[in-house]
Amino acid sequence: MSGFKFNFSNSERGDENNMKDTNDLPKHWLECAQVFPDNEDKILVRDMFKECEINTLQVKNIIIKHFLTVDVFNVLRTSDSDSTKDLSVLCADCNHSDLQAAVYEGGLKIWECTYDLVNYIAETELELEEKHVLDLGCGAGLIGLICLENGASCVFQDYNIEVLQYITIPNIILNNEEYVKKCRFYSGDWQYFSETIKDQKKFDYIFTSETIYNTENYSKLHDVFERLLNEDGEIYLAAKSHYFGVGGGITLFKEYISKRNIFQATSCWKHSEGVTREILRLQFLKHKKEDH
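Spelled out as structure tokens, the structure:
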């Protein structure tokens, strides 16, 4: 894979050093679309991905299976199907970048903080039974999967529709086909996503990992939180202190949250070796609850 900079390692953990700042390029953000799984998705798992390696992630007594993302990429790259030749992830490959703003937002990769958040959910034993949760920027869907394993229903959102089609949904089917009945799937930009579902049932929990690398998107992300969270709900956001090459990070996001004065942000987990990784818990400020 010469020239390919998704930097898939054996652990598939993302490396923010491969991010590129593309904020100076003109952008056309994708509108929201709902994706409906069908029998073709089961066939995809059975046939197209039959040579893909399956990884297992064990957290406490739960085992989550997922396709090795580098294998999925290779399947898409070598496929003769017309439906895969113009995928955004392949365009990003041509540009040698993990991210291409408004084109591809890194969903075909399991970023490091995703594992932090999955482990945190398991270790703290959050009450998820019959809860309604959002896995925002879901990628491989590992966070949503552990919620499903604990009895929740889940909405999965990722910017790129092909991430949902070729990564998220296949991983859910791989673990339990019945889970699909408890899920909904949406692609597109956060602004359009929050506008599309703002009148639907609010979320008890919103989980998101490594989604604050671009400061230009903070307003849209905040609007998702404010519009879609239940008044007594909680947001868990996992990220690094700084994302080299794109400028965002935990420190800047905390400052943004403070200025908006809608949510209270509390650090509930931190790993300080190397680039600091942290998990924030966000809740509506008391005086803002009264307005909802």
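Numbering (our numbering), first residue to last: 48 to 339. Even for Gly, the Cβ is constructed at its ideal location relative to N, Cα and C. Keep in mind the model is a prediction, meaning the values are calculated, not measured.
Taking just the CA atoms, how far does residue j sit from residue i?
{"i": "Phe-254", "j": "Arg-324", "result": "16 Å"}
{"i": "Leu-91", "j": "Ile-216", "result": "10 Å"}
{"i": "Ile-208", "j": "Glu-320", "result": "35 Å"}
{"i": "Glu-273", "j": "Lys-245", "result": "10 Å"}
{"i": "Asn-108", "j": "Asn-166", "result": "12 Å"}
{"i": "His-269", "j": "Lys-306", "result": "12 Å"}
{"i": "Tyr-162", "j": "Glu-172", "result": "15 Å"}
{"i": "Gln-311", "j": "Leu-276", "result": "13 Å"}
{"i": "His-318", "j": "Leu-164", "result": "12 Å"}
{"i": "Ile-304", "j": "Ile-326", "result": "14 Å"}
{"i": "Glu-87", "j": "Tyr-206", "result": "21 Å"}
{"i": "Asp-85", "j": "Cys-230", "result": "13 Å"}
{"i": "Leu-77", "j": "Ile-157", "result": "22 Å"}
{"i": "Tyr-290", "j": "Glu-302", "result": "16 Å"}
{"i": "Asn-64", "j": "Gly-191", "result": "Reliability fails at Asn-64, whose pLDDT of 46 lies under 50, so the model's placement of it is uncertain and the value that follows must be treated cautiously. Each residue's alpha carbon lies about 26 Å from the other."}
{"i": "Arg-93", "j": "Leu-189", "result": "20 Å"}
{"i": "Lys-249", "j": "Lys-333", "result": "18 Å"}
{"i": "Val-322", "j": "Thr-313", "result": "19 Å"}
{"i": "Met-46", "j": "Leu-123", "result": "As displayed, the chain neither begins before 48 nor continues past 339, which places residue 46 out of reach and without an answer."}
{"i": "Leu-155", "j": "Gln-247", "result": "28 Å"}
{"i": "Val-227", "j": "Asn-308", "result": "37 Å"}
{"i": "Leu-181", "j": "Val-106", "result": "20 Å"}
{"i": "Ile-101", "j": "Gly-292", "result": "32 Å"}
{"i": "Leu-115", "j": "Ser-234", "result": "22 Å"}
{"i": "Asn-121", "j": "Lys-97", "result": "13 Å"}
Less than 6 Å between C-beta atoms, sequence neighbours within five positions excluded: which residues of the same chain meet that for residue i?
{"i": "Glu-170", "result": "none"}
{"i": "Phe-232", "result": "Val-82, Phe-203, Leu-211"}
{"i": "Val-271", "result": "Trp-237, Ser-241"}
Are there 16 or more other CB atoms within 10 angstroms of the CB of residue i, so buried, or fewer, so exposed?
{"i": "Phe-331", "result": "buried"}
{"i": "Leu-72", "result": "Reliability fails at Leu-72, whose pLDDT of 48 lies under 50, so the model's placement of it is uncertain and the value that follows must be treated cautiously. That one is exposed."}
{"i": "Asp-236", "result": "buried"}
{"i": "Glu-340", "result": "Outside the modelled stretch of the chain, which goes from 48 to 339, sits residue 340, for which no answer is possible."}
{"i": "Gln-204", "result": "buried"}
{"i": "Thr-103", "result": "exposed"}
{"i": "Ser-56", "result": "With a pLDDT of 33 at Ser-56, under the threshold of 50, the modelled position of this residue cannot be trusted; read the value that follows with caution. Looking at its Cβ environment, which holds fewer than 16 other Cβ atoms inside 10 Å, Ser-56 is exposed."}
{"i": "Cys-315", "result": "exposed"}
{"i": "Ile-259", "result": "buried"}
What is the residue span of the beta strand (DSSP E) that residue i lies within?
{"i": "Gly-280", "result": "276-287"}
{"i": "Ile-326", "result": "324-331"}
{"i": "Ala-187", "result": "Per DSSP, Ala-187 belongs to no beta strand (DSSP E) and is neither H nor E."}
{"i": "Phe-114", "result": "109-114"}
{"i": "Asp-251", "result": "250-256"}
{"i": "Cys-79", "result": "Segment: none, Cys-79 is in no beta strand (DSSP E) and carries neither H nor E."}
Are residue i and residue j closer than 9 Å when you measure CB to CB?
{"i": "Leu-178", "j": "Asp-279", "result": "Inspection of the sequence shows that residue 178 is occupied by Lys rather than by Leu. Against a cut-off of 9 Å, the Cβ pair of Asp-279 and Lys-178 comes out as no contact."}
{"i": "Cys-79", "j": "Glu-242", "result": "yes"}
{"i": "His-113", "j": "Ala-187", "result": "yes"}
{"i": "Leu-329", "j": "Ile-297", "result": "no"}
{"i": "Gly-295", "j": "Tyr-265", "result": "yes"}
{"i": "Tyr-213", "j": "Val-117", "result": "no"}
{"i": "Ile-111", "j": "Glu-176", "result": "no"}
{"i": "Ile-168", "j": "Ile-193", "result": "yes"}
{"i": "Glu-225", "j": "Lys-89", "result": "no"}
{"i": "Thr-262", "j": "Leu-299", "result": "yes"}
How far does the alpha helix (DSSP H) with residue i in it extend, from its first residue to its last?
{"i": "Arg-231", "result": "Arg-231 -> not in any alpha helix (DSSP H); beta strand (DSSP E) instead, spanning 230-234."}
{"i": "Cys-160", "result": "159-171"}
{"i": "Thr-298", "result": "297-307"}
{"i": "Phe-240", "result": "237-244"}
{"i": "Lys-156", "result": "Where Lys-156 is concerned, there is no enclosing alpha helix (DSSP H), given that its DSSP letter is neither H nor E."}
{"i": "Lys-89", "result": "86-90"}
{"i": "Leu-104", "result": "Premise fails: Leu-104 lies in the beta strand (DSSP E), 101-106, not in any alpha helix (DSSP H)."}
Using a Cβ-Cβ cutoff of less than 7 Å, which residues in the same chain neighbour residue i once the five nearest sequence positions on both sides are dropped?
{"i": "Cys-160", "result": "Ser-256, Glu-257, Ala-285, Ala-286, Lys-287, Arg-324"}
{"i": "Cys-185", "result": "Gly-191, Phe-203, Gln-204, Asp-205, Thr-215"}
{"i": "Cys-201", "result": "Val-180, Asp-182, Gly-191, Cys-194, Leu-195, Lys-229, Cys-230"}
Ordered along the chain, which non-local residues of its own chain (more than five positions away) have a Cβ less than 8 Å from that of residue i?
{"i": "Lys-267", "result": "Asp-236, Trp-237, Gln-238, Ser-241"}
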